[in-house]
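The block underneath contains the structure these notes are about, expressed in structure tokens.
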Amino acid sequence: MNIGVLALQGAFIEHEQMLGALGADSFEIRQRRDLDREFDGLIIPGGESTVMGKLLRELDLFDPVLERIKDGMPVFGTCAGLILLAKEIHEDDTVHLGTMDTVARRNAYGRQLGSFHTDAEFKGLGIVPMTFIRAPYIVSAGDDVEILATVDGKIVAARQDNQLVTAFHPELDSDLSIHWYFLDMVEKHSTKSA
Amino acid sequence: MKNDRFELNKNLAQMLKGGVIMDVTTPEQAKIAEEAGACAVMALERIPADIRAAGGVSRMSDPKMIKGIQEAVSIPVMAKCRIGHIAEAQILEAIEIDYIDESEVLSPADDKYHIDKTQFAVPFVCGAKDLGEALRRINEGAAMIRTKGEPGTGDVVQAVRHMRMMQAEIRRLTSMSEDELFDAAKELRVPYDLVAYVHENGKLPVVNFAAGGVATPADAALMMQLGAEGVFVGSGIFKSGNPAKRAAAIVKAVTNYTDAKMLAELSEDLGEAMVGINEDEIELLMAERGK
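Same order as they appear, the protein sequences are chains A and B. Here our numbering is used: position 113 in the first sequence is 173, and no number is missing along the way. Here our numbering is used: position 208 in the second sequence is 1659, and no number is missing along the way.
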């Protein structure tokens, strides 16, 4: 299994390390030609969504990435990734990939002083550690979106078909279960399409 | 609920990696920086080149000006306080700054002690020109390190020297036998556990950016190739002919820092770079402040 990790900006190395610990191969996507490689799933890491959104467009990655997601390639977005995949951003006209039926709120917990760590239930995985860094959350989600975790009544993890998003950063904690969950999605998809 | 501020603050620096942090002096410049792809901005009244030109004592910026920038952009906003100036840092924390730069660019307020950064909930980034300085700042609670370079010069030579020095010292620690680490800790004037961390991991325990003298996409790519995890650009952008274009080019150069062909395209038609001053022409070496 080979996972492409969007490496335009942010904490992409941390994701590669998680994948490595689970025995999956990964490579970095920094420009158009990196998409010529074969891969089975995509990770959009944490970082600044404004930077990634801009670079996706200006490095000609936007359309081919969008096409792959629409074709059903499993994608996992953390924090900024959740924002890039949302079909709407709260109080903002910007839409990036917009493939997931969610409304995301940026910097929903305020500035860095609002960043926090907690442990909470993730559907099917039990209690997992959750680190929120200037994090967003999902304000509302469509009927096709399965809610996987909430903290203080706010949606912080969700799935729609082959799209998985978390407002927190599983790549910053040592618990591998959410990456395992994503790889399981990738494997099921690969088997189905094979 | 575990809420270790130091961990959360280190984590924010991890999110900035692979990005460019730009010095801005007005909300308009902050917007230009954000649109150009800055991953954070540093709000200050005067960019280092002007601080250098103006001389005199330079201090923390007016909180009102910083707040104006906080309102203008959605990316993290950093601001500088003087080395050792606990009260300036408290003020910046009170206005909920995302990161405080305890910076040698401003006139030091204390010629012996740095701020005890463990007493703050907001994160600090500090400058360093070698491994000893970096680990001393981390021991005081810095959640991110940057090379000092020589701010406001447009001359990258000192940033290169500091990054090379740090990387060479890290490699030296990595290759030591365990019983040599005690003496290394003594030599570096830092606690043993930090030395042991570098020995085991081959890197600093926090994110390390390059700063001080970066003026072109090529400078930024150079610093990334030398091991920086991201880049601060100060005077280099808003002292140049076409700030928006240069800023955007530097952002892309940091993402694709090993692709010479792309770097060549990015370096085209950027207009005039900041004039800059050479190292041997400067009277004030900011990097010598705060060791």
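Even for Gly, the Cβ is constructed at its ideal location relative to N, Cα and C. Keep in mind it's a predicted model, so treat the numbers as computed, not measured.
| Query | Result |
| --- | --- |
| Environment of THR226 of chain A [buried if 16+ CB atoms lie within 10 Å] | buried |
| Distance, LYS1637 of chain B Cα to ILE1502 of chain B Cα | 36 Å |
| Simplified DSSP assignment, three categories, for MET1452 of chain B | Note on MET1452 of chain B: pLDDT 37, under 50, position unreliable in the model; the coordinate value appears next. MET1452 of chain B falls in the coil class under three-state DSSP. |
| Residue burial classification, GLN69 of chain A (beta-carbon count within 10 angstroms, cutoff 16) | buried |
| Where PRO1574 of chain B meets chain A, residues with beta-carbon distance less than 7 Å | GLN172 |
| Segment contact flag, the region 1591-1609 of chain B with the region 1549-1558 of chain B, C-beta cutoff 8 Å, min 3 pairs | yes |
| Close beta carbons around GLY184 of chain A, own chain, < 8 Å, minus the five adjacent residues each side | LEU208, TYR241 |
| Any chain A beta carbon closer than 9 Å to ASP1455 of chain B | yes |
| Neighbouring residues, chain B, relative to ILE193 of chain A (Cβ below 7 Å) | LEU1459, ASN1462, LEU1463, MET1466 |
| Candidates A:LEU82, A:PRO105, A:ALA217: closest to CYS88 of chain A by CA position | Cys is not the amino acid found at residue 88 of chain A; the sequence shown has Glu there. It is A:PRO105. |
| Distance between ASP96 of chain A and GLU1716 of chain B (C-alpha atoms, nearest Å) | 22 Å |
| Span separating the alpha-carbon of SER175 of chain A from that of PHE1575 of chain B | 15 Å |
| C-beta contact flag for LEU102 of chain A and VAL65 of chain A at 9 Å | yes |
| Cβ-Cβ separation, GLY1727 of chain B to ALA1666 of chain B (assumed contact under 8 Å), whole Å | 6 Å |
| Start-to-end residues for the alpha helix (DSSP H) that takes in ARG1588 of chain B | 1582-1590 |
| Chain B within 9 Å of GLU76 of chain A, Cβ atoms only | no |
| Residues of its chain near ASP1670 of chain B, where Cβ-Cβ distance is below 7 Å and the 5 sequence neighbours each way are ignored | VAL1607 |
| Reference VAL205 of chain A; option with closest CA among A:GLN223, A:VAL211, A:PRO196 | A:GLN223 |
| LEU1721 of chain B, enclosing alpha helix (DSSP H) - first and last residue | Where LEU1721 of chain B is concerned, there is no enclosing alpha helix (DSSP H), given that its DSSP letter is neither H nor E. |
| Three-pair Cβ contact test at 8 Å for the region 164-173 of chain A versus the region 187-200 of chain A | yes |
| Cβ pair ALA1500 of chain B, THR1598 of chain B closer than 9 Å | no |
| Contact set between ASN167 of chain A and chain B, taken where Cβ atoms lie within less than 8 Å | SER1525 |
| Listed by chain order, chain B residues near SER175 of chain A by CB distance under 7 Å | LEU1459, LEU1463 |
| Range covered by the alpha helix (DSSP H) that runs through GLN220 of chain A | No alpha helix (DSSP H) contains GLN220 of chain A, which is instead part of the beta strand (DSSP E) from 214-220. |
| Where the beta strand (DSSP E) containing TYR1550 of chain B begins and where it ends | 1550-1554 |
| Chain A residues whose Cβ lies nearer than 7 Å to that of ASN1707 of chain B | ARG90, GLN91 |
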